[in-house]
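Each residue of the sequence shown is one higher than the one before, starting from 65 at the first, in this note's numbering.
The C-beta atom is built at its ideal place from N, Cα and C for all residues, glycine as well.
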Amino acid sequence: MKKKLVLGLFLMGMNSTRAQQLPGLEENIPFMVTFSKEAEKSWGDDDFNQIAFMVVPKTQKSAVYLRVFDADVAGKHDENRGGFNSTTKFSIYGTGCYSSNEQENKDPVGGYKKGNILFSKAFGADTACDNKWYTFGPINPAEGELKPELGGYVFKIITEGAKGDDGNLYRFFLSTHEDKNNKVEGGNIFVYEYAFRLNADKSMTHLYPYVDVNTIAIKEYNFDVDDDAYVKMISMSNPGTKVEVSGDGDWKESSFEVTEKDKNTSLDVQIVKTGNARNNNVVFSFTNQRGEHMPFYAIPIGAIPKKSIVVKPKGKK
65 MKKKLVLGLF LMGMNSTRAQ QLPGLEENIP FMVTFSKEAE KSWGDDDFNQ
115 IAFMVVPKTQ KSAVYLRVFD ADVAGKHDEN RGGFNSTTKF SIYGTGCYSS
165 NEQENKDPVG GYKKGNILFS KAFGADTACD NKWYTFGPIN PAEGELKPEL
215 GGYVFKIITE GAKGDDGNLY RFFLSTHEDK NNKVEGGNIF VYEYAFRLNA
265 DKSMTHLYPY VDVNTIAIKE YNFDVDDDAY VKMISMSNPG TKVEVSGDGD
315 WKESSFEVTE KDKNTSLDVQ IVKTGNARNN NVVFSFTNQR GEHMPFYAIP
365 IGAIPKKSIV VKPKGKK
């Protein structure tokens, strides 16, 4: 398997603002996060894995690349828990990777590693990758699993906290070029469960889960928000409903109804940081009335509601 190390500067917005990077620019999320398996879950990762999918349209005939920013576990961005001692493994799977068992597309259970493995590499402390890009590829689009309902050829990316107890903070970019971020026209990246770092300042983060035509009700789940944020769900039919927020190391859930106006659109889940925690890592996921997991796309699908919330200072009504 060919793997090529590519060094470069981390320049957000160097291409279109709707380019295929995860986290997406519109989300205002600094990094995804995966802790290694000896970590405490209360540090903000419920299962020490992140499962993502990249979608390459059938019209893409030339090779694509998955670029990972800051793949190593040490240095500038990662969370040090008493001395870096960790390893993170990134693996890319093609044909056969998308499971009919939905839980395997969300959590590290059952046959979640099924499919044709194309690339796999473990990273520890490595100055060659710290604050730089590592590129997996070239990837032949036809090596993915063809899922027309998802937009084309699908590839699974599994990020595992393989050893140690530190937190790896990183980003993905689906590119047509091996040494720069050049978007794949019509491509996208999505997750069913999203583990990420909140901004340190009191700013607003957005999540855009997609509501398909068959959805009539939604459950929202969040983990380890530490009462550090105010969360509200906005849809085309609802200017905003408060979401119950989790404390340290626990899950909370909230339920919502969906109207016809909300279908084939993306929700806007607004997470407004109100506390002072600097390294707050959280997990979010959504299911519909059938218990099926709803995708978060790097580029939101369908229309997005434009309502915003106003955060009032603590102590005021």
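In the three-state DSSP reduction, Asp-312 falls in the coil class, being neither helix nor strand. Taken through DSSP and simplified to helix, strand or coil, Lys-325 comes out as helix.
With respect to the C-alpha of Ile-203, the residue from Thr-151, Ser-318, Lys-125, Gly-228 having the closest C-alpha is Lys-125.
A distance below 6 Å between beta-carbons, with the five flanking residues on each side excluded, links His-141 to the following residues of its chain, in chain order: Asp-134, Leu-233. In this chain, the alpha helix (DSSP H) harbouring Asn-169 covers 166-170.
Assignment of beta strand (DSSP E) within the region 232-319, counting only whole runs of 3 or more residues, yields 252-255, 257-261, 268-271, 281-287, 293-298 in chain order. Ser-163 carries a coil assignment under DSSP once its states are collapsed to helix, strand and coil.
Closest in alpha carbon position to Val-132, among Ile-298, His-270, Met-300, Phe-237, is Phe-237. In this model, Gly-160 and Glu-90 are separated by some 31 Å (Cα to Cα). Here Ala-367 carries a strand assignment [DSSP, helix/strand/coil].
Its Cα nearest to that of Gly-355, the residue Thr-279 stands out among Thr-279, Lys-337, Tyr-361, Ala-192. Along the region 102-169, the alpha helix (DSSP H) does not occur as any fully enclosed run of 4 or more residues.
Distance from the Cα of Asn-302 is smallest, within the candidate group Pro-87, Ser-349, Lys-370, for Lys-370. In the three-state DSSP reduction, Leu-210 falls in the strand class (E or B). Sequence-distant Cβ neighbours of Gln-353 in its own chain, meaning closer than 6 Å and more than five residues away, are Ile-280, Ala-281.
Each of Gly-215, Asn-340, Asp-136 was checked against the Cα of Asp-190, and the nearest Cα belongs to Asp-136. Ranking Leu-262, Ala-293, Trp-315, Asn-263 by CA distance to the CA of Phe-287 puts Trp-315 first.
For Gln-334, the enclosing beta strand (DSSP E) starts and ends at 332-337.
Pro-205 sits in a helix when the DSSP states are folded into three classes.
Glu-224 carries a strand assignment under DSSP once its states are collapsed to helix, strand and coil. Where Lys-196 is concerned, there is no enclosing beta strand (DSSP E), because DSSP gives it neither an H nor an E. Counting the other Cβ atoms within 10 Å of the Cβ of Leu-86 gives 16 or more, which makes it buried. The distance from the Cβ of Leu-271 to that of Val-333 is about 4 Å, consistent with a contact at the 8 Å cut-off. For Met-96, the enclosing beta strand (DSSP E) has its first and last residue at 95-99.
Note that the C-beta distance between Phe-95 and Phe-200 is not below 9 Å. When the Cα atoms are used, Lys-283 and Ser-349 turn out to be separated by approximately 9 Å. Within the DSSP secondary-structure output, Leu-86 pairs in a beta bridge with Phe-236.
Fewer than three beta-carbon pairs drawn from the region 168-186 and the region 98-108 are found closer than 8 Å, and the two stretches are therefore not classed as touching. The criterion of a C-beta distance shorter than 9 Å is satisfied by Phe-219 and Met-118. Contact between Thr-269 and Glu-224 is ruled out by a C-beta separation of about 25 Å, above the 8 Å threshold. Ranked by Cα distance from Asn-149, the options Pro-212, Gly-231, Asp-291 are led by Gly-231.
In its chain, beyond the 5 residues on either side, Asp-292 have a beta carbon closer than 6 Å to the beta carbon of Gly-339.
The C-beta distance from Leu-262 to Asn-344 rounds to 5 Å, short enough to meet the 8 Å contact threshold.
Scanning Asp-111, Ile-115, Ser-267 for the CA closest to the CA of Ala-341 turns up Ser-267.
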